[in-house]
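Asker: Below: one structure in structure tokens.
Protein chains in written order, with our numbering: chain A, 7 to 590; chain B, 7 to 590.
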């Protein structure tokens, strides 16, 4: 007989670990335990089930060949015994026994193990808000809750919904409710932007503008929910936030998750101070016969070397496989070295994605981040259907190491291609030069000869070399606002595009210092450039204005700044350059 | 005054090198020379111009902000002098002079240089076919030829066209002619498959079937064109190949390109025996004041360490930038370490892509390649709109290094994401395990929790470990053909899917050894499995049949093979499993 292996948790990492283990050692006796009676489902698919892309909850529990992954499936197809509805209460490491209790009956039992795999997942953080227990307030942590939400919505009981938290789950749920069901959605977020752990401020703002203006989502940033208010019969009636009450029929709680590490902690296994079970690169816990995989793990960050928590069905699956391999062998064999934190999400008609550190997190980790934002077509600029992609690359100024990249644009798969390339390179700690030279597959229907990813790395290099001094869309908007009509002392906004582009800006903003000199005649018309003033250089996307900056610097103009991402970025930033009452 | 820099070649690498150089050192005096009077165009866009996606030839010569990149543009916007219509005849390295001749007038002149950049490109191989000089026979090497082809087609003079060569250019031209213009296209290829340097046979065949069956392209493989036949007035009338004549109104020559290295060779610079100028990682030739960039270079292959020739507008642009950087500095500074050979192409409604070595090229380079073909949804299998992607990963059995990947599927951007990730990892010589653990951005609209790329690496690992013995679609089709009706001694085709899938196969093929045992009940029904016979294990995509193989091996069945990619791969392979007259 093979080893006795017990797995705690049967959603993603657990089933993968068990299945892999049985394939490697069919003689192993595997028991998988879960509190829930519903096991092995694609939790990441919950928003798509609620939003109607996946018609039935069974869709999230099915294999690609349409079998429901229930207890009978695991028994027959995988040779795994499942104890569903049983909670793991304690690990007796000396005796190598797991203590279990059946939730329905309170019955207890013990399971002996040779190896134990912890795949206990993460649990949603319950925010400390009065009224959180009212009917109609839902976390999004399991399939039962998803079914509850969908039932309420599909029965027409929800006209307005409040989402607490603008992380990935909150935003995906907002889309699910608004897009198919036409629910009026308000999102409340304590931070000053959406996806605060994932996006830099200007990238977040591009997405925020899309959500507000194109999709009609109410976004309340820096606005914590203070209270959930009760209507008749203990049902939610309204949400109070920022000293205002807004009626609502449903509240979704999506303020993040926390690794479920209490079982490990009680058993004396090493747990990270920020939460999560500590494992080595073979996914062994501090007890070498106990493995951990999935959302319950404190992962090694391959960029900072520190530990990060990460809830991802994809990481869970890959870790499950590694834990299963090693538990089958009974010795360290397969490795999972760590994570780089790649992510992507669909936001209605656009997508946002990234990998690695944001500027803020890079700074927290002790790096000195510099970055560049590039706006460029997502395929050859002459190819029909091309759309603008927005890409920001962050690097450390001392080592020139690339720390992260973030992107935004309508073509999600094309955005994934750039993010995935950086994700694949990040474990080997690439320099900016290596991303400049990254050899993405090229043909006009898919990319540019100088792809936006290469171009963004080139731009960061120019920043590092001190050749490019740039101005963010936010700084630009502030500067333009400060430019009083007729103020002669202020900055000059030098627009280097063609006249057709520039004309409306000249008509409206000449008295605030907007000037025109096309880049291609700049070198010959240097005497027309005002001396002794700050020159803000402007074009559509930031490339031609960079050429202008080079020319002006060589001619001795010292105070020049290049508008990063050009007019395209300012438009996404959402402050009209030409005052709105003058347009049209 | 800055250095005098002369650039030979003004299509892709040359203009990029010059522009970069002038940005770094505006005091440099840069002259760019080209034989052609039309310069700086996106040659890779030619098929899209001919096919109508790009309406005017100017589209390929324009910047993203709609300026034509002509001599005036380079003078004004870039500070570069252009000598168009001048051929570089010789390099006098002692005197540091370039000898030029104007093609129209025969006039000669010399240009002194401090540094020289060779960006002479590649020229189309002219196949040795009688009749190649006839009117209506076109190579696709420059914009003039593209305009000639488009004129003929758009004036309705072309009902049938013959394309010589089934490489990327030939296939893209075939699409251009067939798709918009409705031209009947025949492609002739000497090799036994399309894209022979890029795709393994079964991957090529998937694409061939699409071209033949869905798009009506005539594909004549292993069929060299023997003669191009003349009609009245010296115009092409027909093509003779494989002892058959086919009428045609137009012949496109697309049998590959050869680096233009004769100028370098004459000047005594080191040139690779297979063609192409030899450079170090700073793109310096054997004369450190002479750089080379683009299609004229013999590139270092980062996988084999050997030299490869590669015609790519993307590599040309990135090399141009590196050469420009170093020529500006006058010393080695920026690096271009080599290439991994990533590529992608649109083929009507599907795309094919890859990076690295094919099985054949891996063997030539001295590796011992093993591989796996995986067929899986290109996003979560429960997400609407998902389609099957076909991915093949090749690794070296001794070192477990990944050598290459090839893919095929309808979602080109999504395919690019997988190829680009491997392309980004390849320079650091990843093992199969590292691709198994690659952290692609995950969300159900874009990928699976266990992405097809991870799954393909997992499958290669199983092959390497001897756990998975697989049968290609080709071998399967042969075996099934050999299975005579009623022959009791042959292989057993054990279909482990659900009965609904299997029923038509059982009805038609039971007497050839087709049997049904669903995977999930296999372990309990082992006594029903025939002993002493070769067992061919079959499911939809190859995963469930692998589970069956594991179970059968553990039960002592020695001769089992798993149908790689399952029924999905055989369908793409194009041999009907159920004889066609029995279907329907």
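C-beta atoms are modelled at their ideal positions from N, C-alpha and C, and glycine is treated no differently. Keep in mind that this is a model prediction, so the values were computed, not measured.
State buried or exposed for residue 179 of chain B, treating a residue as buried only when at least 16 other CB atoms are found within 10 Å of its CB.
Answerer: In this structure residue 179 of chain B is buried. Its beta-carbon is surrounded by 16 or more other beta-carbon atoms within 10 angstroms.
Asker: Of the residues that make up the segment 521-555 of chain B, which ones have a beta carbon closer than 9 angstroms to any beta carbon in chain A?
Answerer: 524, 525, 526, 527, 528, 529, 530, 545, 546, 547, 549, 550, 552 and 553
Asker: Just reading off the beta strand (DSSP E) that residue 375 of chain A is part of, what are its end residues?
Answerer: 375-383
Asker: Quick one: which unbroken beta strand (DSSP E) runs of 3-plus residues sit fully inside the segment 344-412 of chain B? Chain order, please.
Answerer: 349-353, 356-362, 375-383 and 394-402
Asker: Quick one: what does DSSP say residue 477 of chain A is sitting in, helix, strand or coil?
Answerer: strand
Asker: How far does the beta strand (DSSP E) with residue 47 of chain B in it reach, from first residue to last?
Answerer: Counting along the chain, residue 47 of chain B falls outside any beta strand (DSSP E), and DSSP gives it neither H nor E.
Asker: Mind checking if residue 425 of chain B is an interface residue toward chain A, Cβ cutoff 8 angstroms exclusive?
Answerer: yes
Asker: For residue 230 of chain A, which residues of its own chain have a beta-carbon under 6 angstroms away from its beta-carbon, when the five flanking residues on both sides are left out?
Answerer: 196
Asker: Can you give me the C-alpha to C-alpha distance between residue 344 of chain B and residue 423 of chain A, rounded to a whole angstrom?
Answerer: Put simply, the backbone Cα of residue 344 of chain B is about 21 angstroms away from that of residue 423 of chain A.
Asker: Within 8 angstroms (strictly less), CB to CB, does residue 175 of chain A reach chain B?
Answerer: no
Asker: In the DSSP assignment, what residue or residues form a beta bridge with residue 239 of chain B?
Answerer: Paired residue(s): none; residue 239 of chain B is not in a bridge.
Asker: Would you mind working out which of A/379, A/380, A/363 and A/78 sits nearest residue 6 of chain A, comparing C-alpha positions?
Answerer: Given that chain A is displayed from residue 7 to residue 590, the structure contains no residue 6 of chain A and the question cannot be resolved.
Asker: Would you say residue 338 of chain B reaches chain A, if we count a Cβ-Cβ gap shorter than 8 angstroms as a contact?
Answerer: With 8 angstroms as the cut-off, residue 338 of chain B does not count as an interface residue toward chain A.
Asker: Taking the alpha helix (DSSP H) that residue 551 of chain A belongs to, which residues open and close that run?
Answerer: Counting along the chain, the unbroken alpha helix (DSSP H) around residue 551 of chain A starts and ends at 549-560.
Asker: Using a Cβ-Cβ cut-off of less than 9 angstroms, list which residues of the segment 444-458 of chain A approach chain B; keep chain order.
Answerer: So the list reads 444, 445, 446, 447, 448, 449, 450, 451, 452, 453, 454, 455, 456 and 457, given in the order they occur along the chain.
Asker: Does the Cβ-Cβ distance between residue 479 of chain A and residue 208 of chain A come in under 8 angstroms?
Answerer: Yes.
Asker: Is residue 340 of chain B helix, strand or coil by DSSP?
Answerer: Coil, per DSSP.
Asker: Listing by chain order, which chain B residues have their CB less than 8 angstroms from the CB of residue 568 of chain A?
Answerer: Simply none; closest approach about 12 angstroms.
Asker: Would you say residue 66 of chain A reaches chain B, if we count a Cβ-Cβ gap shorter than 8 angstroms as a contact?
Answerer: Yes, its Cβ sits closer than 8 angstroms to a Cβ of chain B.
Asker: Tell me which residue opens and which closes the beta strand (DSSP E) that residue 37 of chain B is part of.
Answerer: Residues 35-40.
Asker: Since residue 193 of chain B is in the beta strand (DSSP E), which residue starts that stretch and which ends it?
Answerer: 190-194 is the extent of the beta strand (DSSP E) around residue 193 of chain B.
Asker: Compile a chain-ordered list of the residues in the segment 378-398 of chain A whose CB is closer than 8 angstroms to at least one CB of chain B.
Answerer: Answer in chain order: 382, 383, 386, 387, 388, 389 and 390.
Asker: Return the residues of the segment 48-61 of chain A that lie within a Cβ-Cβ distance of less than 9 angstroms from chain B, sorted by chain order.
Answerer: 48, 50, 51, 53, 54, 55, 59 and 60
Asker: Quick one: grab the DSSP three-state call for residue 275 of chain B.
Answerer: coil
Asker: Determine whether the Cβ of residue 40 of chain B lies closer than 8 angstroms to any Cβ atom of chain A.
Answerer: No, residue 40 of chain B does not count as interfacial toward chain A.
Asker: Tell me the rounded alpha-carbon separation between residue 151 of chain B and residue 93 of chain B.
Answerer: Distance between the alpha carbons of residue 151 of chain B and residue 93 of chain B: 19 angstroms.
Asker: Consult DSSP for residue 25 of chain A and reduce its assignment to one of helix, strand or coil.
Answerer: helix
Asker: Just the Cα atoms here: how many angstroms apart are residue 11 of chain A and residue 281 of chain A?
Answerer: 25 angstroms
Asker: Report back the beta-carbon spacing between residue 569 of chain B and residue 543 of chain B to the nearest angstrom; my notes put them in contact at under 8 angstroms.
Answerer: 7 angstroms
Asker: Could you name the residues of chain D that residue 439 of chain A contacts, counting a contact when the two beta carbons are closer than 8 angstroms?
Answerer: The displayed structure is made up of protein chains A and B, and chain D is not among them.
Asker: Taking the CB atoms as reference points, tell me whether residue 397 of chain A and residue 459 of chain A lie closer together than 8 angstroms.
Answerer: With respect to residue 459 of chain A, residue 397 of chain A sits close: the two C-beta atoms are nearer than 8 angstroms.
Asker: Under the rule that 16 or more other beta-carbon atoms within 10 Å means buried, what is residue 562 of chain B, buried or exposed?
Answerer: Burial state of residue 562 of chain B is exposed, judged by a 10 Å Cβ sphere holding fewer than 16 other Cβ atoms.
Asker: According to DSSP, residue 224 of chain A sits in a beta bridge with which residue or residues?
Answerer: A/192
Asker: Is the Cβ-Cβ distance between residue 105 of chain A and residue 95 of chain A less than 8 angstroms?
Answerer: yes
Asker: Assuming residue 252 of chain A is part of the beta strand (DSSP E), what are its boundary residues?
Answerer: Segment 250-253, the beta strand (DSSP E) holding residue 252 of chain A.
Asker: When we look at the beta-carbon of residue 254 of chain A and count the other beta-carbons within 10 Å, is it buried (16 or more) or exposed?
Answerer: buried
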